[in-house]
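Worksheet for the structure shown next.
Number of protein chains: 2
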Amino acid sequence: MNTVDDSARRRELRTAAARLFRKVGYPQATVRDIAKAVGMQSGSIFYYFKTKEDILVDVMNEGMRQFLEAARVPMDDAVHPRMKLRTLLVRHLMTLHQRNNDELAVVLSEWRSLSPRARRQIVAQRDEVEAVWNRVLRELADARLISGDIAILRLAILGAANWSVQWYDKKGKLSIDELADQLLDLFVPISARTAS
Amino acid sequence: MNTVDDSARRRELRTAAARLFRKVGYPQATVRDIAKAVGMQSGSIFYYFKTKEDILVDVMNEGMRQFLEAARVPMDDAVHPRMKLRTLLVRHLMTLHQRNNDELAVVLSEWRSLSPRARRQIVAQRDEVEAVWNRVLRELADARLISGDIAILRLAILGAANWSVQWYDKKGKLSIDELADQLLDLFVPISARTAS
DNA sequence: ATACAATTCAAGCGAGCGCTTGATTTATTT
DNA sequence: AAATAAATCAAGCGCTCGCTTGAATTGTAT
Numbered sequence: 000m001n002t003v004d005d006s007a008r009r010r011e012l013r014t015a016a017a018r019l020f021r022k023v024g025y026p027q028a029t030v031r032d033i034a035k036a037v038g039m040q041s042g043s044i045f046y047y048f049k050t051k052e053d054i055l056v057d058v059m060n061e062g063m064r065q066f067l068e069a070a071r072v073p074m075d076d077a078v079h080p081r082m083k084l085r086t087l088l089v090r091h092l093m094t095l096h097q098r099n100n101d102e103l104a105v106v107l108s109e110w111r112s113l114s115p116r117a118r119r120q121i122v123a124q125r126d127e128v129e130a131v132w133n134r135v136l137r138e139l140a141d142a143r144l145i146s147g148d149i150a151i152l153r154l155a156i157l158g159a160a161n162w163s164v165q166w167y168d169k170k171g172k173l174s175i176d177e178l179a180d181q182l183l184d185l186f187v188p189i190s191a192r193t194a195s
Numbered sequence: 000m001n002t003v004d005d006s007a008r009r010r011e012l013r014t015a016a017a018r019l020f021r022k023v024g025y026p027q028a029t030v031r032d033i034a035k036a037v038g039m040q041s042g043s044i045f046y047y048f049k050t051k052e053d054i055l056v057d058v059m060n061e062g063m064r065q066f067l068e069a070a071r072v073p074m075d076d077a078v079h080p081r082m083k084l085r086t087l088l089v090r091h092l093m094t095l096h097q098r099n100n101d102e103l104a105v106v107l108s109e110w111r112s113l114s115p116r117a118r119r120q121i122v123a124q125r126d127e128v129e130a131v132w133n134r135v136l137r138e139l140a141d142a143r144l145i146s147g148d149i150a151i152l153r154l155a156i157l158g159a160a161n162w163s164v165q166w167y168d169k170k171g172k173l174s175i176d177e178l179a180d181q182l183l184d185l186f187v188p189i190s191a192r193t194a195s
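Each protein sequence line maps, in turn, to chains U and F. Quick note on numbering: numbering that gives the first Met the number 0 labels position 89 of the first sequence as 88, and the sequence is numbered without any gaps. Quick note on numbering: numbering that gives the first Met the number 0 labels position 195 of the second sequence as 194, and the sequence is numbered without any gaps.
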């Protein structure tokens, strides 16, 4: 990592790019748009990034890093499995809807624009996140708190949670904690709840 | 509707376009690609469609038409509400994963590329679909088979179902009926089931 | 102050884009 | 068979795209 690879200006570019990628999509966001957003000439971008796709990779890596950070929370074994799932869910949703987290939305919607090589790298990180969820869901299954295929449950719960990017409004009356609890009640019925 | 607006050739173009839009995304699919897929010169496309966006609108209208068709099934009032939801879910998933239904996937992923005018039209159709689901969910709530906010439940269940486009494999061992039942058990716990 | 490196600019290249146009081929009607 | 209409082609226009390049500017160390 030399100065260019991790400069404030580069981060500025990544943030502006993420915002644009989210708003209009990667293919329609031009390097001229991105440059304009930070007050640069379009050519100057290539002093910081080799190609436009490198910007997308950088954005998605940052997004995945945040998802991983949300999933990698130390959990006391004594905690009730349902509570562990709740923690995962709350942290996941919090990360997803925090201010200026356009990188996360981009991760969820722009994977098609990645070259196969870059895609493999992002998928590997996604698999790490899913492994954490699988571990907690396994505990819930062992405790007979859920039934059915764990993989499908994981896909359903993450599908429902990630879909919230499409509709959740931070300014609305539903807090993220409430959303998490509602989703949790859906997937792990209240009747299975126990004091933690 | 004159000959051009509803010709076999036009449908051929729409189908090929839907396939490409799904595979590489609307902005990256060029009219030259689409033309090539049906064995035409790129300019000839504009004999059938005024603009490239008109092709997308046509694809998405067809997709929404299919979603609506799946939702608009006559239901006997005597049928148990849970069974009604199951019917909706199965038909929705069937439609989503039937062969060559790229239009559906495009509806779910390319709404950002629509002009505001076209978007409003598609959203109106989506609202119709959601209204059907709301009606059934309302019945389930009245029968105390579910609790919590109906809107959130609908978003969660459709989110989870639509997310399956990303991972469901027709050639896999999981049938669509099984998937529907698994999802149904998640959202409307088995303990609430009653003979219909 | 001077030398050097880091950063940005101004200009534009080559390619690919959506789309147009006038001519040409193919099908249909009389 | 001739006349008309429908469908397609071949060529390319004007524009925007990602990206390059050589020069200019700004910052930093001596």
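Where a beta carbon is used, it is the ideal one built from N, C-alpha and C, also for glycine.
Would you say residue i faces chain F, with C-beta separation under 9 Å as the test?
i	result
Gly147 of chain U	yes
Ala160 of chain U	yes
Arg143 of chain U	no
Phe186 of chain U	yes
Gln124 of chain U	no
Arg111 of chain U	yes
Gln40 of chain U	no
Ser163 of chain U	yes
Leu19 of chain U	no
Ser108 of chain U	yes
Ile33 of chain U	no
Ile151 of chain U	yes
Give a yes or no on whether 9 Å exceeds the smallest Cβ distance from residue i to chain U.
i	result
Gln181 of chain F	yes
Leu88 of chain F	no
Thr193 of chain F	Because Thr193 of chain F carries a pLDDT of 48, less than 50, the predicted location of this residue cannot be relied on, and no value is offered for it.
Trp166 of chain F	yes
Asn1 of chain F	Confidence is the limiting factor: at Asn1 of chain F the pLDDT is only 48, short of 50, which leaves the residue's position unreliable, though a coordinate-based value still follows. So no, Asn1 of chain F is outside the interface.
Gly24 of chain F	yes
Leu12 of chain F	no
Leu154 of chain F	yes
Leu178 of chain F	yes
Ala16 of chain F	no
Gln27 of chain F	yes
Leu173 of chain F	yes
Leu157 of chain F	yes
Ile44 of chain F	no
Ala130 of chain F	no
My understanding is that residue i touches residue j, with C-beta atoms under 8 Å, so please give their C-beta distance in whole angstroms.
i	j	result
Val105 of chain U	Val58 of chain U	5 Å
Ile54 of chain F	Ala7 of chain F	16 Å between Cβ atoms; not a contact.
Pro80 of chain U	Glu138 of chain U	4 Å
Val135 of chain U	Leu84 of chain U	5 Å
Ala117 of chain U	Glu52 of chain U	7 Å
Leu178 of chain F	Leu92 of chain F	6 Å
Residue j and residue i - do their beta-carbons sit closer together than 9 Å?
i	j	result
Ile149 of chain F	Val187 of chain F	no
Thr14 of chain F	Asn99 of chain F	yes
Thr29 of chain F	Ser41 of chain F	yes
Asp101 of chain F	Arg31 of chain F	no
Leu107 of chain F	Asn161 of chain F	yes
Val164 of chain F	Leu87 of chain F	no
Val89 of chain F	Asp184 of chain F	no
Glu109 of chain U	Gly24 of chain U	yes
Ala159 of chain U	Ala69 of chain F	no
Pro26 of chain U	Gln27 of chain F	yes
Met63 of chain F	Ile121 of chain F	yes
Arg9 of chain F	Tyr47 of chain F	yes
Glu127 of chain F	Leu182 of chain F	no
Trp166 of chain U	Leu103 of chain F	no
Could you check if residue i belongs to the surroundings of the ligand ADP, using beta carbon to heavy atom distance under 8 Å?
i	result
Trp162 of chain U	The ligand content of the structure shown is nil, which means the ligand ADP is not present either.
* **alpha helix (DSSP H) runs wholly inside the region 59-98 of chain U, at least 4 long, in chain order** => 80-96
* To do: Go through the region 103-152 of chain U residue by residue and report every complete run of the alpha helix (DSSP H) that reaches 4 residues or more, in order.
  => 115-141
* Closer than 9 Å, Cβ to Cβ, to anything on chain F: give me those residues from the region 51-69 of chain U, in chain order. => none
* Asked: If you scan the region 17-67 of chain U from start to end, which runs of the beta strand (DSSP E) of 3 or more residues do you find wholly inside it?
  -> none
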